[in-house]
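Some notes on the structure that comes next.
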Amino acid sequence: MGSLFDVIANVILFYPRNDMKLKHHIAKLSELEWFRNLHEDPKYTSLIWSNRKIKKYILTSANMEPLIKSEKKQKEFVHLVQDEYKKRRQEFFYFSYLAKQMVQ
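According to the numbering used here, the sequence shown is numbered sequentially starting from 6.
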């Protein structure tokens, strides 16, 4: 699953300037109760900081105002986070299964 594209995308997303921007946007969103509740949930905290799709969404400046003002966009974002969490869990269980198969 680790393709060259993933490596390049991660380098770009972890670029220090983007990291500062991500921190700034998360701090701004954390002023809102709905985001604070999501971010403080242990299931989602690290996902918000590390998932490429979620980070890209937060880093896109055009998404910030709708996330602050639009309940519809807030719900869409929450669904994005929940969907990415489910994908992560499915991948974890799949790789755990494969690891067990290799040991046997």
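Built from N, CA and C at the ideal position, the CB exists for glycine as well.
- In the three-state reduction of the DSSP assignment, Ser35 falls in the coil class, being assigned neither a helical nor a strand state.
- The closest CA to that of Lys60, considering only Ser75, Leu34, Arg94, is found on Leu34.
- Counting only runs of 4+ residues, the alpha helix (DSSP H) found wholly inside the segment 30-77 occupies 38-45, 50-55, 57-64, 66-74, in chain order.
- Around the CB of Asn42, fewer than 16 other CB atoms lie within 10 Å, so the residue is classed as exposed.
- Considering only Asp24, Met25, Glu89, the residue with the shortest C-alpha distance to Lys58 is Glu89.
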